Amino acid sequence: MGIIIDGKVLAEKKREDISRRAKAFADKYGRSPGLAVVLVGEDQASAVYVRNKKRACIQTGITSFDYHLDENTTQKEILALIDELNARDDVDGILVQLPLPSQLIEEEILVRIDPSKDVDGFHPYNLGRLLMGEPSLVPCTPTGIMYMLDEYGVDIDGKDAVIIGRSNIVGKPMAILLMMRHATITICHSHTKDLPARVKSADIVVAATGRPHMIKGGWIKDGAVVIDVGISRTESGLVGDVDFDEAINHASLITPVPGGVGPMTITMLLENTIVAAGSHVS
Ligand code: NAD
């Protein structure tokens, strides 16, 4: 029976460290690190995420500036807001909650954010730096996972890691981070042949597809570490990509959903805000 990785406990520990650094920053520079959160429209899940982010900011002494824009906001209006936030000295991080309404062009908006304030790590400049092995602001979910692996003493060097999902925000940066730590990487996706065999070969499995319980317990190699990023809303509540009840019989370590990767993702957003704030003072 595997050990359950407790994302809430790890997140709490990391947030204590972030609180200390936010306070030290405020004492030294006379202002708290600041995070601007931009929400467009009325998407319920996005509203919940934004509320959680705001709560986490308050808990750790980061000032959050909230912008809730109308569903019909134009591209020009949101770009003007980004320009204003880029110019403000009290805003260290800018987060635009995704997904955006269909009239807005996501790529153009994310590229408009000053890379030094790109606390989501989605700007091509920051993703490029990561690819070059010079990470600065790195997407929060993969860095949160690296933190979890380190806290649980997982040896990554030389291990076979299989990542299922190739998004720019989870799968691809996850692969780079694990490769930087000398794992051998396989990235799987919707066109991958014989996914069960790929998963079976892995010492570390990271599942990020958004397909509820698609990774079966029998696919997991005995002793593997299983990280479940997926979040799907089903009739029985929030579930991950991994069939947890089966997989825990094979894994040595496994994250639950909820209570695994999710709390760490928000925490790393706070971490990135502190890092960004440090780059805005001399
Ligand atoms: P995405 O939709 O951009 O990408 C999904 C990926 O899964 C794609 O690369 C696709 O090729 C792959 N995929 C889909 N079906 C597949 C299949 N049958 N076999 C193999 N691969 C398949 O998703 P994303 O933004 O990377 O998010 C993935 C999941 O993680 C979602 O459920 C999302 O809600 C969740 N998520 C959770 C957190 C968190 O903090 N816990 C953060 C980000 C995303």
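Numbering (the working numbering), first residue to last: 4 to 285. Even for Gly, the Cβ is constructed at its ideal location relative to N, Cα and C. Model, not experiment: these values are computed from the prediction.
| Asked | Found |
| --- | --- |
| Going by DSSP, what residues sit across from L256 in a beta bridge? | I6, V228 |
| The ligand NAD heavy atoms versus the CB of R201: any closer than 6 Å? | no |
| Give, in chain order, every unbroken run of the alpha helix (DSSP H) that is at least 4 residues long and sits entirely within the region 77-158. | 78-90, 109-115, 127-134, 143-154 |
| Out of V242, L82, V157, E74, which has the shortest C-alpha to C-alpha gap to G262? | V242 |
| Could you tell me whether the Cβ atoms of Q106 and L42 are closer together than 7 Å? | no |
| Closer than 6 Å: is that where the CB of G240 sits relative to any heavy atom of the ligand NAD? | no |
| Taking D117 as the reference, give the member of G281, D158, A90 with the closest Cα. | A90 |
| Thinking K224 and A200 are a contact (beta carbons under 8 Å), I'd like their distance in whole angstroms, please. | Contact doesn't hold; Cβ gap of about 11 Å is too wide. |
| Say the cut is 6 Å; is the CB of H192 nearer than that to a heavy atom of the ligand NAD? | yes |
| How big is the Cα-Cα spacing for N75 and V53? | 19 Å |
| Are V260 and D231 closer than 7 Å when you measure CB to CB? | yes |
| Return the CA-CA distance between A210 and A178, expressed in angstroms with no decimal places. | 12 Å |
| Runs of 4 residues minimum, wholly inside the region 45-77: which ones carry the alpha helix (DSSP H) assignment? | 47-63 |
| Do I167 and C191 have their CB atoms nearer than 7 Å? | yes |
| Going by the C-beta, is A211 closer than 6 Å to any heavy atom of the ligand NAD? | yes |
| Quick one: what's D163 bridged to in DSSP? | T187 |
| Would DSSP call I21 helix, strand or coil? | helix |
| How about the region 109-128 and the region 54-63: do they share at least three Cβ pairs that are nearer than 8 Å? | no |
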